[in-house]
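All remarks here apply to the structure that follows.
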Amino acid sequence: MKQPPRSSESEELSAQATDRDASLARWISATAQGDHAAFSALYQATAGRLYGLSLRILHEEGRAQECVQDVFLAVWQQASRFDPERARPMTWLAAIAHHRAISLLRRFDRELTAPDWADFLMQAEIPDDAEPSRRGQPEQDWQLLDAGALDRCLHQLRAEPRQAVQHAFWFGQTYQEIADELSLSINTVKSWVRRALAELKTCLGLGVTP
Amino acid sequence: MNTPFVAPMVAPLEPTDTAEYVLGLLDAGMDRAVEARIRQQRAARREATAWSLAVADSLLQQTAERQPPGWLWSRIERQVPAMTVPTLSKVEQRWRLVAAFVAIIGLAALVAVVVPTQAPMRPGHSAMLALAKNDTPTWEVMANFRDRQLEIKALRDCAVIPGRKPVLWLATPEGQTIAVGSLPMDAGEKMMVQPVLWHGNMGGTALAISLEPMNAPIGSKPQGPVVWSGGWQAMRS
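Chains as they are written, first to last, in the numbering used here: chain F, 289 to 498; chain D, 23 to 259.
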């Protein structure tokens, strides 16, 4: 069977993603105006992916349902804060879900609740100590720090630290759980993960935290 | 002698603290400390945002879609505030206002003529709720199990600790917890509720009141302290 040229296939996929993002952004914007139909459409289009993500981390249907519920209540409250210039709509929703799932999983009493995190993700500003040439310009495009960038940087790590840090990224595991999974000491896992995170930070261009 | 005020020292973040916070790798105490610091430091806030979005995007690529149960949307929908009317032009708004006013007058006249003493609900069971066990009742709840309808009335003004709100829950014999909603706070205030998830042996359902954080959404089970619980009493016909 003849395959279509790769470039046109990727262009088509890219166009579909752009259309999907545009629809999601439109529904989020309408949700901010209190439009129930748009809120419902947003739920129908995204709940499956967010539920899958929550289940992957939480492993329990009840808590995954609670997580998805909290995400959508946060979206209802903070939809006006969403800025498509800073993040793709699905990424924003998934980041809120990930933050909430981690809080539920660890039973952390975080002050930054799901609505706070939804707002927080849209508030990042240029730090005071940014290079003068960068002041007054739009900040680094958040879409640049997408899965592509992270995955490219992950592949530059050595195999063992990469495997350890992937358990934290993709399964929400603690140091102890990763150590058990990989049959390693917790100190080795901590050392690998921290070194991997530091290398990823440099690779992603996140700079040094003051 | 007055001791001069010294601003508390904020320890700098370790290079990977922010990423570890986003991934939930820190212990509870460290998690709170790093959270406080990323709220104070703009660069750390920016870094936390970047990590959160990058991890979320990567996680999405790894995750298969799973459909949540159908009732989850009903539960979410029930907890969002009253939906606003879609945007209308000023002329449309004016005409709709006039039409609504005329309809209300007409309906009021009709109700006054045709059903002057219509009972809103035929309750079969009731419960008196309080803010503490053996305390004076603060609310009366009447229930019609057939229609899955509850009428809640505040018997007196209610005051709870600042930042908290009293929330009514139903706990079914099957172990399901159903959030009914925030209780009315002013004497005489009434509310009617039809909990959509309430089925089965309603007479065996327990009632409970918890004090939930004021600005947090109500979840599927109490997060705050449960201050009162009890059951239904059958009303004499």
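Note that CB positions come from ideal geometry on N, CA and C, so glycine has one too. Everything numeric in this text was worked out from a predicted model, so none of it was measured.
Residues of chain F with CB closer than 7 Å to the CB of residue i, please, in chain order.
i: W95 of chain D; result: Y331
i: R88 of chain D; result: G336, Y339, G340, L343
i: Q62 of chain D; result: Within 7 Å Cβ-Cβ: nothing; Q62 of chain D doesn't reach chain F, min ~11 Å.
Excluding five sequence neighbours on each side, which residues of the same chain lie with their C-beta closer than 8 Å to the C-beta of residue i?
i: Q444 of chain F; result: E487, C491
i: D179 of chain D; result: M207, D208, A209
i: R61 of chain D; result: R67
Look at the alpha carbon of residue i and the alpha carbon of residue j, and state the distance between them as a whole number of angstroms.
i: Q198 of chain D; j: T160 of chain D; result: 25 Å
i: R337 of chain F; j: Q411 of chain F; result: 25 Å
i: M213 of chain D; j: D49 of chain D; result: 43 Å
i: L494 of chain F; j: A65 of chain D; result: 9 Å
i: T227 of chain D; j: W250 of chain D; result: 14 Å
i: G246 of chain D; j: E234 of chain D; result: 5 Å
i: D79 of chain D; j: R59 of chain D; result: 25 Å
i: A305 of chain F; j: F408 of chain F; result: 25 Å
i: G340 of chain F; j: L129 of chain D; result: 49 Å
i: D371 of chain F; j: A362 of chain F; result: 15 Å
i: I200 of chain D; j: K243 of chain D; result: 7 Å
i: Q84 of chain D; j: R144 of chain D; result: 53 Å
i: I345 of chain F; j: A335 of chain F; result: 15 Å
Can you pull the chain F residues whose beta carbon is under 8 Å from the beta carbon of residue i, in chain order?
i: V56 of chain D; result: Chain F residues near V56 of chain D: none, gap ~10 Å exceeds 8 Å.
i: P206 of chain D; result: Here the premise fails: no neighbours, minimum Cβ distance about 21 Å.
i: G92 of chain D; result: What G92 of chain D touches in chain F: nothing, since even the nearest Cβ is about 10 Å away.
Report the residue from the options whose alpha carbon sits nearest the alpha carbon of residue i.
i: R170 of chain D; options: D:G146, D:S204, D:R61; result: D:G146
i: P188 of chain D; options: D:M164, D:S232, D:A149; result: D:S232
i: A452 of chain F; options: F:D439, F:L470, F:L438; result: F:L470
i: S311 of chain F; options: F:Q332, F:A447, F:A383; result: F:Q332
i: R450 of chain F; options: F:R483, F:G436, F:A318; result: F:R483
i: A318 of chain F; options: F:V481, F:L330, F:D307, F:A303; result: F:L330
i: H455 of chain F; options: F:L485, F:P403, F:Q321, F:G436; result: F:L485
i: F396 of chain F; options: D:R54, D:M150, D:S96, D:I240; result: D:R54
i: K155 of chain D; options: D:A230, D:A256, D:E57; result: D:A230
Would you please state the rounded distance, in angstroms, between the beta carbons of residue i and residue j? I believe it to be under 8 Å.
i: D208 of chain D; j: A181 of chain D; result: Rounded, the Cβ-Cβ distance is 11 Å, inconsistent with contact.
i: L94 of chain D; j: Q365 of chain F; result: Actually they do not touch by this definition, with Cβ atoms about 18 Å apart.
i: L81 of chain D; j: F360 of chain F; result: That pair is no contact at about 18 Å.
i: A385 of chain F; j: S342 of chain F; result: 6 Å
Cβ closer than 9 Å: which chain F residues qualify as neighbours of residue i?
i: A230 of chain D; result: Those do not exist, as A230 of chain D stays about 18 Å from chain F at its closest Cβ, beyond 9 Å.
i: A50 of chain D; result: R394, R395, F396, D397
Is there at least one Cβ from chain A nearer than 7 Å to residue i's Cβ?
i: L341 of chain F; result: The chain inventory of the structure shown lacks chain A, comprising the protein chains F and D.
With a threshold of 7 Å on Cβ separation, who are the neighbours of residue i within its own chain once the five nearest residues in sequence on each side are excluded?
i: M236 of chain D; result: G185, R186, K187
i: W73 of chain D; result: T40, A41, V44
i: R308 of chain F; result: none
Could you name the residues of the same chain whose beta carbon sits closer than 6 Å to that of residue i, not counting the 5 residues immediately before and after it, in chain order?
i: M224 of chain D; result: F167
i: A325 of chain F; result: none
i: R422 of chain F; result: A caution first: R422 of chain F carries a pLDDT of 42, below 50, which makes its placement in the model unreliable, though a value can still be read off. Cβ within range, chain order: n/a, list empty.
Mind pulling the chain D residues with CB within less than 7 Å of residue i?
i: W315 of chain F; result: Residues of chain D passing the Cβ test: none, with the nearest at roughly 14 Å.
i: L312 of chain F; result: Within chain D, no residue comes near L312 of chain F; the closest Cβ sits about 13 Å away, beyond 7 Å.
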